[in-house]
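In terms of our numbering, the sequence shown opens at residue 136 and continues consecutively.
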Amino acid sequence: MPSLFASYLRVYEPLTAFDRDRQSYWRRYVEQGRAVAPVEGPGRQRTTVIEALGAGWTRLPDLPDEAYVLETDETLLVCPWNLRIRVAEAALSARDGVPPVLADAFVPPVLAGQAKAVVEDWRSGARVLEHGVPRVHEQIATWGVPLRWFVLFEPQERNHVTVPDRRSLRFRTEISKARRRSSRALAVLRKSVGDAPITEAVEEAARWLEEFHPRSVVELDYGGLVELLSDETLAEDDSPELVAAGLAGLSRGEAEEASAAYDKLVARWRAVQLLERCN
């Protein structure tokens, strides 16, 4: 199944970030060759969830523990899918701000009730005491890349592959670097534009990163978006540079320079978003 037209922000944690049972589970998972490649993961996730939910959407089923894995010379890093909690959160989010009749049509009350119980249990004090702070390791954005994600990376951290049967564009960095970059960006934005939506968005990303082990790795994966972009467009993509240029302009008080970088970046990704409406 082809990838969704979506991008992904992932955090891979070392095994020491998990409790003893989870460490044993993920070791066996890797030894048995069960780890799923990122290019196959989105399709596998979608199929797994749809098949498990069934036609009536009357229950929130147990879902298999799967993960993406990075193996280095020094350690093994794991990015769990957390499918059950993500489905529960998505079900509740789909009902927010929607009239009850429509909400019940999209997410039946029985499923919504189960989803609420799952989320509350996930965040409960008992679970935190037993397993540590719960964390969702993957964020997904459809038809584009949130601009705040580019704050976390620098150009030299990109990995670009364009061969006929394998096209991808990813950025990877140490979480300590991503945290420093988000902190610097927040300082510039708070001083320059105050409590604007972009400031709040970067702050949200920074808070999310604080949940993870200090030796984690952060990955931005263009995922299925590469199917919407030509090889030339992928090769010339300089989105992280534009974000850096915009922040540098703000820090120097050069509003026109910052605005030019921002406008170019927004126009680029708006063109991708508009493809969703193509017939």
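For every residue, glycine included, the Cβ atom is placed at its ideal position computed from N, Cα and C. Just so you know, these numbers come straight off a predicted model, no measurement behind them.
- Three or more beta-carbon pairs separated by less than 8 Å link the stretch 201-212 to the stretch 162-171, which places the two stretches in contact.
- Secondary structure note for residue 308: its beta strand (DSSP E) is the uninterrupted segment 301-309.
- Using a Cβ-Cβ distance cut-off of 8 Å, the stretch 331-343 and the stretch 239-255 are not in contact, since fewer than three pairs of beta carbons, one from each stretch, lie closer than that value.
- Of the candidates 328, 200, 287, 142, 200 places its Cα closest to the Cα of residue 157.
- Secondary structure note for residue 149: its beta strand (DSSP E) is the uninterrupted segment 141-149.
- For residue 294, the number of other beta carbons within 10 angstroms of its own is below 16, and it is reported as exposed.
- Looking at the backbone, the Cα of residue 161 and that of residue 148 are separated by about 11 Å.
- Counting only runs of 3+ residues, the beta strand (DSSP E) found wholly inside the stretch 328-358 occupies 352-356, in chain order.
- Burial of residue 359 is indicated by the presence of at least 16 other C-beta atoms within 10 angstroms of its C-beta.
- Within the same chain, no residue comes within 6 Å of residue 389 by CB-CB distance, once the 5 residues on both sides are set aside.
- Per DSSP, the beta-bridge partners of residue 205 are 212.
- In chain order, 286, 287, 337, 340, 341, 344 place their CB closer than 7 Å to the CB of residue 317, counting only its own chain and leaving out the 5 sequence neighbours on each side.
- If you look at residue 276, you'll find it in the beta strand (DSSP E) that goes 273-277.
- Here DSSP, grouped into helix, strand and coil, assigns residue 169 to coil.
- In this structure, residue 351 sits away from residue 391, with a CB-CB distance that is not shorter than 9 Å.
- Only exposed fits residue 241, as fewer than 16 other CB atoms lie within 10 angstroms of its CB.
- Per the coordinates, the alpha-carbon of residue 273 lies some 19 Å from the alpha-carbon of residue 165.
- 373 is the residue among 379, 383, 373 whose C-alpha sits nearest the C-alpha of residue 403.
- Judged by DSSP in its simplified three-state form, residue 182 adopts helix.
- Taking C-beta atoms under 8 Å as the contact rule, residue 142 and residue 280 qualify, at a distance of about 4 Å.
- The C-alpha of residue 230 lies about 31 Å from the C-alpha of residue 213.
- In this structure, residue 377 sits near residue 399, with a CB-CB distance shorter than 9 Å.
- The alpha-carbon of residue 312 is positioned some 10 Å away from that of residue 349.
- When C-alpha distances from residue 397 are compared across 379, 243, 386, 409, the shortest belongs to 379.
- In this structure, residue 324 keeps its C-beta atom at 9 Å or more from the C-beta atom of residue 282.
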